Each structure stands twice: as C-alpha cells, then as structure tokens.
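Participant: 148 is the number that numbering that gives the first Met the number 0 gives to position 149 of the sequence shown; each next residue is one higher, with no gaps.
A virtual CB, placed ideally from N, CA and C, is assigned to each residue, including glycine.
Keep in mind that this is a model prediction, so the values were computed, not measured.
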Amino acid sequence: MKVRPTGPIVPASNVSGRALMLVIAIMAFLACITLGAVMMVRATAESWQSQISREITIQIKPAEGLDMDKALEEARNVALSFAGTRDGTVVDRAATARLLEPWLGPGLDLDELPVPRLVVVTIDETAPPDFAAMRARLSEVLPQAILDDHRTWVDRLVAMAHTTALIGTGVLVLVFSAMVLTVVFATRGTLSGNRHIVEVLHFVGAEASFVASEFQKHFLKISLKGSGAGGILAALCFLAASWWQQRSMATPQSDQATALFGTFTIGYTGYLGIVATMILIALLTTVTARYTVMRTIYEIDLIRSDPGRTDAFQD
C-alpha cells in the first residue's frame with residue numbers, strides 16, 4: 000500500500016492568497032518608489048546647496064581705459080589673498096561667449112559690447128572668508144569689481160531644500176502608513192476566510208502555537224513573494240531611469256530632467272532601503288497572521304465556554 004502524501008494544512012494557493020500577494024506587491028512598489036524619490040530629492044537639494052555655497056563670483060564691469068585682462072588677474076589675486084579661499088578661475092572670452100550664446104546668438108565679439116567679465120572663486124565651506132572685508136578691499140583696488148557671495152541664493156535654496164525634504168518625508172510617512180494598514184487589514188481579511196481551518200485544527204487538539212506557526216509560514220511566503228516582486232520592480236524602474244539618463248546625456252530632455260530631479264540614482268543606501276521595506280512588509284504580515292490566529296483561537300475557547308458570546312465575536 001502506498002501512503003498518499005499529506006497536503007499542507009493551510010491551502011497553498013487560493014483566490015484570497017493571490018489577492019493578498021497582489022496587494023502586498025502594489026504597496027511595496029509604491030513604498031519603495033516613494034522612498035527612492037525622497038532620497039533623490041534630498042540628494043539633489045544638498046548638491047544644489049553645496050555647489051552654490053562653495054563658490055563666489057567677482058564681476059568686473061568694462062570701463063573706458065580699463066585693461067580687462069589685467070583687472071581680472073588682479074581681482075583674482077585679491078580674492079586669493081584672503082584666508083578661506085581655495086582657488087580662483089578667470090572665465091575666459093570663449094566661456095563668456097558661450098554663456099551669452101542662448102540670448103545673443105553664436106559668433107559674439109566681446110569687444111563690440113560692454114559685457115562684464117567674471118572671476119569664479121572656490122571657497123572653504125567650513126571656514127569661509129570674510130566677505131565684507133573682501134568686498135571692501137576689491138572696491139579699493141578695482142572700483143568696477145562687484146563681489147557676489149550668493150548669500151541670498153544660498154538662503155533661498157536652503158529654505159527650499161528643507162521644505163522639499165519635509166514634504167517628501169511627509170509623503171513617505173503617509174505611504175508607509177497606508178502600506179501598513181493595507182497589509183494588516185488584507186492579512187486579517189484573508190485569515191477570516193480560513194477561519195474554519197483554525198477551528199477544525201483547534202477542535203482536533205492541535206496546539207495554538209502549532210496552528211499559528213503553520214499560518215505564519217504560509218503568509219510569510221505570500222508576503223515575501225509580494226514584497227519581493229514590488230521591491231524588485233521598483234529597483235528596476237530606478238535602474239531603467241538611470242540607464243536612460245546616461246544614454247540620453249546632453250539632450251534637452253535629459254538636461255531638463257537632470258536640472259529638476261538630479262541623477263536618477265539612489266545608490267546602495269537606496270537599494271538597502273528597498274530591501275528593508277521588503278523585510279518590514281514580510282514581518283508585518285507574519286506578525287499580523289500570528290496575532291489573528293491566536294485571537295481566533297481565544298475567541299473559539301470563549302464561545303465554547305459561554306455560547307452566549309457568539310454574537311460578540313461575529314464580524
């Protein structure tokens with residue numbers, strides 16, 4: 000005689016299980032996409048702030064009898080004489096013409112127009128120079144020189160960066176809250192459809208811990224499949240966006256996307272966040288399944304001891 004192989008206590012595949020897996024996959028995808036987007040926004044805002052705050056600009060207006068090349072070198076030397084400056088670069092004629100090309104067209108002759116020239120000075124962000132003293136010194140040496148430390152732009156950018164990061168964090172919290180509630184209620188709803196299995200196992204003498212562990216294993220597999228599918232799909236989206244950005248570099252579409260959102264890369268910390276989200280969803284589903292099974296068994300025992308309690312536990 001051949002012994003028929005025993006089937007699993009909890010049905011391995013049913014409509015409710017597949018629906019729960021789909022719900023988990025969708026919520027995992029949304030949570031991972033939101034997490035990656037928030038990290039991209041924060042990184043881009045920090046990059047903008049750092050790029051502006053580590054440079055100052057000296058603008059020299061043309062004047063009659065002024066030797067522009069000599070004035071540029073002199074302004075550069077004055078700036079580098081202050082502690083807190085690292086390097087100075089004179090924006091040459093070709094670079095200046097390229098800056099004005101979108102408005103004045105190609106082939107611009109700077110000798111025909113009174114175009115100001117620029118000196119870009121790199122500063123130490125941790126110990127910046129005394130801008131007031133530098134401005135006063137430049138006005139003494141070169142009255143045509145104007146120092147722009149970008150302080151107004153830096154303050155505005157810091158405020159915008161903090162606001163954007165705060166909004167992104169708020170959205171992330173809302174998405175994660177919705178994910179937690181959805182996964183918990185979907186798991187409880189799926190378990191309510193299998194309540195009869197819990198009752199049968201409990202009536203034939205199975206211990207509560209054994210029944211709970213069987214359901215834990217079942218829902219752990221469902222949650223790992225669902226969260227894995229959603230997390231992998233989100234990671235593929237970021238990889239595809241990064242690949243497209245690299246392939247379409249120097250095109251108008253890519254330049255605009257880079258200017259607004261930065262690079263579509265989330266780094267290893269972003270992918271670790273996706274993995275952590277997948278693990279969190281699996282733990283939520285497993286803990287919810289165990290709690291619901293133990294609560295169901297507790298309700299069954301109360302009803303058996305007092306049949307009048309039946310209505311109190313009906314959903």
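(1) For the alpha helix (DSSP H) that valine 210 lies in, which residues bound it at each end?
(2) Could you tell me the distance, in whole angstroms, from the CA atom of threonine 181 to the CA atom of serine 49?
(3) Which residue's Cα is closest to the Cα of threonine 285: Lys224, Phe214, Met293 and Gly230?
(4) Using the Cα positions of isoleucine 231 and leucine 271, report the straight-line distance between them to the nearest angstrom.
(5) With the cut-off set at 8 Å, would you say alanine 74 and valine 114 are in Cβ contact?
(6) Does glutamate 124 come within less than 8 Å of chain B when only Cβ atoms are used?
(7) Which one of Thr189, Ser212, Ile59 and Met133 has the shortest CA to CA distance from leucine 19?
(8) What ranges does the beta strand (DSSP E) occupy inside the segment 49-106, keeping only unbroken runs of at least 3 residues that lie completely in it?
(9) Pick out whichever of Trp102, Gly192 and Gly167 has its Cα sitting closest to the Cα of threonine 43.
(10) Hey, is the segment 26-43 in contact with the segment 224-243, meaning 3+ C-beta pairs nearer than 8 Å?
(11) By alpha-carbon positions, which one of Ala62, Ile57, Arg194 and Ala160 ends up nearest to arginine 134?
(12) Reducing DSSP to helix, strand and coil, say where alanine 126 ends up.
(13) In terms of residue numbering, what span does the alpha helix (DSSP H) encompassing isoleucine 196 cover?
(14) My output table needs one value for isoleucine 265: the three-state DSSP class, helix, strand or coil.
(15) When the distance is taken between beta carbons, is serine 208 closer than 8 Å to isoleucine 280?
(16) Considering only their Cβ atoms, is the gap separating alanine 211 from arginine 289 smaller than 8 Å?
(17) What number of angstroms, rounded off, separates the C-alpha of histidine 195 from the C-alpha of phenylalanine 184?
(18) Which two residues bound the contiguous beta strand (DSSP E) that contains leucine 146?
(19) Among the candidates Pro127, Ala164, Asp300 and Leu301, whose CA atom is the shortest distance from the CA of isoleucine 55?
(20) Cutting at 6 Å between CB atoms, please list the residues of its own chain near tryptophan 242, excluding the five before and the five after it.
Facilitator: In short, the structure shows the following:
(1) Where valine 210 is concerned, the enclosing alpha helix (DSSP H) stretches over 207-246.
(2) For the pair threonine 181 and serine 49, the Cα-to-Cα distance works out to about 40 Å.
(3) The shortest Cα separation from threonine 285 among Lys224, Phe214, Met293 and Gly230 belongs to Phe214.
(4) About 12 Å.
(5) Inclusion of alanine 74 and valine 114 in the CB contact set at 8 Å is not warranted, their separation being larger than that value.
(6) The chain inventory of the structure shown lacks chain B, comprising one protein chain alone.
(7) Closest in alpha carbon position to leucine 19, among Thr189, Ser212, Ile59 and Met133, is Thr189.
(8) The segment 49-106 is shown to contain whole beta strand (DSSP E) runs of 3 or more residues at 54-59 and 84-89, in chain order.
(9) Of Trp102, Gly192 and Gly167, the residue nearest in Cα terms is Gly167.
(10) Contact between the segment 26-43 and the segment 224-243 is established, with three or more Cβ pairs separated by less than 8 Å.
(11) Selected option, being the one with the closest Cα: Ile57.
(12) Of the three classes helix, strand and coil, the one that applies to alanine 126 here is coil, per DSSP.
(13) If you look at isoleucine 196, you'll find it in the alpha helix (DSSP H) that goes 194-202.
(14) Of the three classes helix, strand and coil, the one that applies to isoleucine 265 here is coil, per DSSP.
(15) Note that the C-beta distance between isoleucine 280 and serine 208 is not below 8 Å.
(16) Against a cut-off of 8 Å, the Cβ pair of alanine 211 and arginine 289 comes out as a contact.
(17) In this structure, the alpha-carbon of histidine 195 lies about 19 Å from that of phenylalanine 184.
(18) Leucine 146 -> beta strand (DSSP E) spans 144-147.
(19) Ranked by Cα distance from isoleucine 55, the first of Pro127, Ala164, Asp300 and Leu301 is Pro127.
(20) The beta carbon of tryptophan 242 sits closer than 6 Å to none of the beta carbons in its chain outside the five residues before and after it.
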